[in-house]
Amino acid sequence: MLNVKGILFDLDGTVIDSESLYQKAEIKLFKEYGINIPDEDWKIFRGCSEQNFYTISMKRYNIKEKREKFIEKGRKYIKKEFKSSLRFKNTFEDFYDYVKNKYKLGLVTASPKHSFDYVDNILGIRKLFENVITNDDCKNSKPHPEPYLKMMYRLNLDPKETLIIEDSINGINSAKASGANVISITGSIDKEDMPSVFRVIEDFNELKDIV
Numbered sequence: 138m139l140n141v142k143g144i145l146f147d148l149d150g151t152v153i154d155s156e157s158l159y160q161k162a163e164i165k166l167f168k169e170y171g172i173n174i175p176d177e178d179w180k181i182f183r184g185c186s187e188q189n190f191y192t193i194s195m196k197r198y199n200i201k202e203k204r205e206k207f208i209e210k211g212r213k214y215i216k217k218e219f220k221s222s223l224r225f226k227n228t229f230e231d232f233y234d235y236v237k238n239k240y241k242l243g244l245v246t247a248s249p250k251h252s253f254d255y256v257d258n259i260l261g262i263r264k265l266f267e268n269v270i271t272n273d274d275c276k277n278s279k280p281h282p283e284p285y286l287k288m289m290y291r292l293n294l295d296p297k298e299t300l301i302i303e304d305s306i307n308g309i310n311s312a313k314a315s316g317a318n319v320i321s322i323t324g325s326i327d328k329e330d331m332p333s334v335f336r337v338i339e340d341f342n343e344l345k346d347i348v
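Offset between the sequence shown (1-based) and this note's numbering: plus 137.
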């Protein structure tokens with residue numbers, strides 16, 4: 138078992154089952170501009186901050202639209218998908234009940250505050266964690282370690298006594314750079330692209346013999 142005092146969670150694809158919803162929304166957005174995204178390109182967007190997603194996609198696909206208008210359209214599609222279909226990741230709630238009274242718990246997301254607030258209104262996530270960090274709280278986004286280091290500071294945790302659960306390449310690299318113990322929950326990364334981590338799990342049930 139790991140000797141840790143705190144567990145930090147990523148949000149999208151880790152705590153909430155949102156990656157497929159983002160992709161559905163983004164497909165609809167790109168179709169407005171006559172663009173079909175190749176399957177291999179979706180890897181680029183996993184774990185991106187909102188601003189990076191729009192910056193990369195507008196440049197990569199030469200989208201001739203005002204940035205603010207493009208972002209506004211994207212947010213509308215995402216909110217529609219979330220409102221109808223957003224759920225917690227399978228087995229997360231059971232694992233949360235298992236650890237909530239044993240460890241300090243923090244949530245670290247690359248999403249901006251307005252996106253997190255929308256998710257919170259649907260699922261009531263904020264109350265589950267001692268502290269929440271969004272992309273708005275940091276100068277540097279994942280894969281930079283700042284988001285996780287800032288959360289450790291807030292919770293008075295040393296990296297060696299911290300476990301981070303992530304699902305994206307950017308998130309895993311951010312977590313590893315912070316010096317913490319890192320576990321990847323499968324979903325959005327092909328095995329051949331997976332950075333090395335302490336352990337890879339299929340769902341949260343596998344963590345009960347670790348913490």
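We put the CB at the ideal spot given by N, CA and C, even for glycine. Computed from a predicted model, the values in this text were never measured in an experiment.
Separation of residue j from residue i, as counted between CA atoms
{"i": "T228", "j": "K201", "result": "42 angstroms"}
{"i": "I388", "j": "K206", "result": "The chain is shown only over 138 to 348; residue 388 falls outside these bounds and no answer can be derived."}
{"i": "D234", "j": "G261", "result": "15 angstroms"}
{"i": "S155", "j": "F219", "result": "8 angstroms"}
{"i": "N173", "j": "K180", "result": "15 angstroms"}
{"i": "G150", "j": "K226", "result": "7 angstroms"}
{"i": "P274", "j": "E187", "result": "Correcting the residue identity first, residue 274 is Asp in this sequence and not Pro. Roughly 14 angstroms between the two C-alpha positions."}
{"i": "R197", "j": "P175", "result": "12 angstroms"}
{"i": "E166", "j": "K210", "result": "Note that residue 166 corresponds to Leu in the displayed sequence, not to Glu. About 7 angstroms."}
{"i": "R263", "j": "M288", "result": "14 angstroms"}
{"i": "I193", "j": "N199", "result": "10 angstroms"}
{"i": "K217", "j": "G171", "result": "21 angstroms"}
{"i": "K276", "j": "R204", "result": "21 angstroms"}
{"i": "D178", "j": "V141", "result": "36 angstroms"}
{"i": "R336", "j": "H281", "result": "21 angstroms"}
{"i": "S221", "j": "F341", "result": "24 angstroms"}
Residue i versus the options, residue with shortest Cα-Cα distance
{"i": "S338", "options": "T323, Y159, A247", "result": "The amino acid occupying residue 338 in the given sequence is Ile; Ser does not appear at that position. That would be T323, whose Cα lies nearest to the Cα of I338."}
{"i": "I306", "options": "D231, M288, A314", "result": "A314"}
{"i": "I215", "options": "G143, D346, Q160, V152", "result": "Q160"}
{"i": "L354", "options": "L344, V256, H281", "result": "This structure cannot settle anything about residue 354, because the visible part of the chain is limited to 138 through 348."}
{"i": "E163", "options": "V141, V152, M195, G143", "result": "M195"}
{"i": "V334", "options": "N342, D346, I309", "result": "I309"}
{"i": "R212", "options": "K241, Y198, F190", "result": "F190"}
{"i": "F266", "options": "K279, N342, D295, E230", "result": "E230"}
{"i": "I153", "options": "G316, L223, M288", "result": "L223"}
{"i": "E169", "options": "D178, I208, L294, I193", "result": "I208"}
{"i": "I270", "options": "P249, E177, H281", "result": "P249"}
{"i": "N268", "options": "L294, P282, N342", "result": "L294"}
Residue i classed as buried or exposed, judged by whether at least 16 other C-beta atoms fall within 10 angstroms
{"i": "Y290", "result": "exposed"}
{"i": "K239", "result": "exposed"}
{"i": "S157", "result": "exposed"}
{"i": "S321", "result": "buried"}
{"i": "D346", "result": "exposed"}
{"i": "N272", "result": "buried"}
{"i": "D254", "result": "exposed"}
{"i": "K297", "result": "exposed"}
{"i": "G243", "result": "buried"}
{"i": "D304", "result": "buried"}
{"i": "I259", "result": "exposed"}
Beta-carbon separation (whole angstroms), residue i vs residue j, contact threshold 8 angstroms
{"i": "S252", "j": "P284", "result": "Rounded, the Cβ-Cβ distance is 15 angstroms, inconsistent with contact."}
{"i": "T299", "j": "G184", "result": "That pair is no contact at about 19 angstroms."}
{"i": "L139", "j": "V348", "result": "6 angstroms"}
{"i": "K241", "j": "L286", "result": "K241 to L286, Cβ: 15 angstroms. No contact."}
{"i": "A317", "j": "S278", "result": "About 17 angstroms; that fails the 8 angstroms criterion."}
{"i": "L344", "j": "F182", "result": "Not quite, the Cβ-Cβ distance comes to about 27 angstroms (not below 8 angstroms), so this is no contact."}
{"i": "V236", "j": "L145", "result": "With a Cβ gap of about 12 angstroms, V236 and L145 do not count as contacting."}
message: Ignoring anything shorter than 4 residues, give me the alpha helix (DSSP H) runs that lie fully in the region 254 to 301, in order along the chain.
response: Here the runs fully enclosed are 283 to 292.
task: Counting only runs of 4+ residues fully inside the region 182 to 224, write out the alpha helix (DSSP H) ranges in chain order.
output: 187 to 197, 204 to 222
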